[in-house]
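Notes follow once the structure below has been shown.
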Amino acid sequence: MNMLDGNALAGDLDDIFTVDVTTARFVCATCGHSGAMATLRLFGRTPASVARCPSCTEVVLCLVKADGRVFLDTRGIARLELPMSGA
Amino acid sequence: MTQAAVSRRLNWRIGTVTGIRAETPSIRTLVLDVPDWPGHLAGQHIDVRLTAPDGYQAQRSYSIGSAWSSPPGTVELTVQRLDDGEVSPYLTDTVEVGDQVELRGPVGGWFVWRETQTPPVLLIGGGSGVVPLMAMIRQRSLAKATQPFRLIYSVRTPEDVCYAQELRDRVRDEAGLDVRFVYTRKAPEGWAEPPKRIDAATLNTYGWPPEFMAETFVCGPTSFVETTADILIALGHDARRIRTERFGGK
């Protein structure tokens with residue numbers, strides 16, 4: 077199994093959010109761990125990847141690309157913290 | 007409104023290979039000319055996408071090895087061949103000067119070093135994990151920055167050292183830059199210690215003391231990154247100053 081980390085999600089998440097989300101802090105909905113999205117453990121690779129919490133290993137997000145669409149499941153994120161533009 | 011939203015999206019671009027350098031028997035650097043390249047920070051990466059005639063696509067992320075200044079708009083990727091890889095054998099064995107590669111980026115703002123960061127820097131690379139760290143060393147030089155830099159570079163054998171000559175030259179010419187090699191399978195003739203993996207003694211002796219509050223970047227295979235980060239934390243380094251990037255092997 078290839079394992080990378082949240083750094084490798086930068087391109088696919090940029091494409092959705094138009095800002096760099098890998099520097100954002102997430103709070104894990106399962107265990108409350110907080111860290112940069114870049115530190116998520118990544119399994120699989122595009123077109124289907126699963127990112128897990130580095131602390132409790134529960135699923136934080138899934139990203140699937142199919143038929144010209146992208147599906148983003150963020151069930152494992154309780155909160156996302158990003159700088160505001162111009163801040 | 008719609009147009010503005012569309013234009014903010016990250017677009018795939020076409021880069022043209024203008025140069026190729028063999029770094030080691032399994033690693034080579036591609037120099038790409040990318041029109042309208044917006045520039046990049048040291049440590050960022052790009053996504054490369056290959057499309058087969060039947061429409062099947064494979065996408066991988068590769069660290070940028072070059073520093074950037076404007077102009078020229080070139081980007082260098084240093085790629086290691088994975089024998090069972092879908093993308094890397096194409097980039098290391100097949101691509102020739104003049105070929106075009108589909109890419110997007112630069113992306114990733116977390117594993118980056120900016121010359122405005124004033125603390126000393128500790129770079130710890132395993133195998134081709136040295137690539138984004140080399141971009142930082144080159145950026146330091148380009149920016150004439152004076153922050154002390156130390157690179158600890160773990161590699162199987164002397165023949166596997168990437169950027170070997172450039173590292174030697176930079177250590178000789180650039181004050182405040184040190185490199186320590188750790189050989190895991192075969193050390194050069196006369197090397198003082200037998201081959202070994204990076205350990206607490208290595209990081210304690212050749213890293214910065216924890217109280218220097220260094221910015222630390224660790225890049226390599228997952229097990230290398232996790233072992234190294236664990237040792238650094240056990241030695242008293244602040245976890246918040248350790249940034250890691252894992253690359254996929256097999």
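Chains as they are written, first to last, in the working numbering: chain A, 77 to 163; chain B, 7 to 256.
Yeah, the Cβ is synthetic: ideal placement off N, Cα and C, and Gly gets one too.
Contacting residues, own chain, Cβ-Cβ under 8 Å from residue i (five flanking each side not counted)
i, result
"glutamine 9 of chain B", "Per-residue confidence for glutamine 9 of chain B stands at a pLDDT of 42, beneath the threshold of 50, marking its modelled position as unreliable; no derived number is given."
"isoleucine 92 of chain A", "Val146, Leu148"
"proline 201 of chain B", "Tyr189, Thr190, Arg191, Lys192, Ala193"
"arginine 55 of chain B", "Trp18, Gln63, Ala64, Gln65, Glu108, Leu109, Arg110"
"arginine 162 of chain B", "Gly133, Tyr189, Thr190, Arg191, Lys192"
"aspartate 244 of chain B", "Pro216, Met219"
Cβ neighbours of residue i in the same chain (closer than 6 Å, five flanking residues each side left out)
i, result
"leucine 5 of chain B", "Residue 5 of chain B falls outside the range modelled here, since chain B spans only 7 to 256, and no answer is possible."
"leucine 156 of chain A", "Ala100, Phe102"
"alanine 149 of chain B", "Glu121"
"aspartate 213 of chain B", "In the sequence as presented, aspartate is not what sits at residue 213 of chain B; that position holds glycine. Contacts found: Leu128."
"glycine 25 of chain B", "Val37"
"isoleucine 239 of chain B", "Ala245"
Alpha helix (DSSP H) segment containing residue i, residue limits
i, result
"isoleucine 143 of chain B", "136-148"
"tyrosine 212 of chain B", "206-212"
"arginine 178 of chain B", "170-179"
"glycine 87 of chain A", "86-93"
Limits of the beta strand (DSSP E) - the one that residue i falls within
i, result
"valine 81 of chain B", "80-86"
"valine 118 of chain B", "Valine 118 of chain B -> no beta strand (DSSP E), and no H or E assigned at all."
"glutamate 232 of chain B", "Per DSSP, glutamate 232 of chain B belongs to no beta strand (DSSP E); it is in the alpha helix (DSSP H), 228-240."
"tyrosine 62 of chain B", "No beta strand (DSSP E) holds tyrosine 62 of chain B; DSSP gives it neither H nor E."
"leucine 36 of chain B", "33-39"
"methionine 219 of chain B", "Looking at the DSSP string, methionine 219 of chain B is not in any beta strand (DSSP E), and its letter there is neither H nor E."
"leucine 157 of chain B", "155-161"
"tyrosine 96 of chain B", "Segment: none, tyrosine 96 of chain B is in no beta strand (DSSP E) and carries neither H nor E."
"serine 161 of chain A", "Element bounds for serine 161 of chain A: n/a, residue is neither H nor E."
"leucine 118 of chain A", "117-121"
"asparagine 110 of chain A", "It should be pointed out that residue 110 of chain A corresponds to serine in this sequence rather than to asparagine. Run containing serine 110 of chain A: 110-112, per the beta strand (DSSP E) assignment."
Between the CA atoms of residue j and residue i - distance to the nearest angstrom
i, j, result
"glycine 71 of chain B", "proline 215 of chain B", "28 Å"
"leucine 139 of chain B", "proline 59 of chain B", "36 Å"
"tyrosine 189 of chain B", "threonine 250 of chain B", "21 Å"
"asparagine 210 of chain B", "leucine 128 of chain B", "12 Å"
"proline 41 of chain B", "arginine 110 of chain B", "12 Å"
"phenylalanine 218 of chain B", "threonine 152 of chain B", "15 Å"
"histidine 109 of chain A", "threonine 22 of chain B", "43 Å"
"alanine 28 of chain B", "cysteine 225 of chain B", "21 Å"
Residue i - partner residues in DSSP beta bridges
i, result
"glutamine 106 of chain B", "B:Thr22"
"aspartate 53 of chain B", "B:Ser67, B:Arg110"
"cysteine 138 of chain A", "A:Val126, A:Asp149"
"valine 224 of chain B", "B:Ile130, B:Thr250"
"cysteine 132 of chain A", "DSSP output for cysteine 132 of chain A lists no bridge partner at all."
"aspartate 81 of chain A", "A:Arg117"
Own chain, CB closer than 7 Å to residue i, minus 5 neighbours either side, in chain order
i, result
"leucine 137 of chain A", "Ala127, Leu148, Asp149, Thr150, Gly152, Ile153"
"tryptophan 43 of chain B", "Gly79, Val81"
Q. For the segment 78-98 of chain A, which residues have a CB atom closer than 7 Å to at least one CB atom of chain B, in sequence order?
A. Asn78, Met79, Leu80, Asp81, Asn83, Ala84, Ala86, Gly87, Asp90, Asp91, Thr94, Asp96, Thr98
**Q.** Residues within the segment 118-131 of chain A neighbouring chain B, beta-carbon criterion of under 9 Å
**A.** Leu118, Arg121, Thr122, Pro123
Q: With 8 Å as the C-beta to C-beta threshold (strictly closer), list the residues of the segment 112-143 of chain B near chain A in chain order.
A: Val113, Gly114, Gly115, Trp116, Phe117
Q. Name the residues in the segment 225-247 of chain B whose C-beta lies less than 7 Å from a C-beta of chain A; which are they?
A. Thr228
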